[in-house]
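Q: Residue numbering for the sequence shown follows my numbering, beginning at 272 and increasing consecutively. Take a look at the following structure, please.
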Amino acid sequence: MTSISPFHLAIPVHNLADCRLFYRDVLGCEEGRSSDHWVDFNFFGHQLVIHYKPKKEESELHTNPVDGKDVPVPHFGVVLPWNDFQTFADHLKSKNIQFVIEPYIRFEGQVGEQATMFFYDPAGNALEFKAFKDLSQLFAK
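Here is the structure:
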């Protein structure tokens with residue numbers, strides 16, 4: 272397969288109202304259909320559905336080391352255009368997002384050079400937003 276198409280992702284949230292506000296008002300995602308138990312969003316051209324799921328006992332957070340940082344696992348997100356990354360990072364800072372990994376350039380001067388940042392939604396789902404200086408290196412080795 273050579274074309275990239277929109278994906279569909281459904282994630283659990285124990286606080287539907289808080290997450291609805293977060294994805295809509297903080298990240299700026301357009302809200303689509305909804306019910307008492309789920310809400311779907313246009314997540315940067317992809318379909319994201321937040322589904323209510325009761326909160327279970329706290330589980331241990333897991334990370335993997337990447338470029339000297341502790342990357343949360345699991346996580347999801349999108350690749351933004353290079354020129355949009357800093358604008359979006361500044362927007363998130365203005366909304367007082369607490370970053371797990373502050374926006375920075377990873378693998379600078381190497382194959383796959385990218386800007387990246389990590390933070391959690393109100394339900395504890397880890398998100399990564401990144402941008403490649405050269406998008407053709409998205410899958411480069």
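Cβ coordinates follow ideal geometry from the N, Cα and C atoms, glycine included.
(1) How is the alpha helix (DSSP H) around residue 288 delimited, first residue to last?
(2) Taking residue 401 as part of the beta strand (DSSP E), name the residues at either end of that continuous run.
(3) Looking at the strands, I want to know which residues DSSP matches up with residue 368.
(4) Taking only runs of the alpha helix (DSSP H) that begin and end inside the stretch 279 to 364, which ones reach a length of at least 4 residues, in chain order?
(5) Helix, strand or coil: which one does DSSP assign to residue 266?
(6) Report the rounded CA-to-CA distance for residue 379 versus residue 372, giving the unit in angstroms.
A: Short version:
(1) 287 to 292
(2) 397 to 403
(3) Answer is none; residue 368 lacks a bridge partner.
(4) 287 to 292
(5) Nothing can be reported for residue 266: it is not among the residues displayed for the chain, which extend from 272 to 412.
(6) 16 Å
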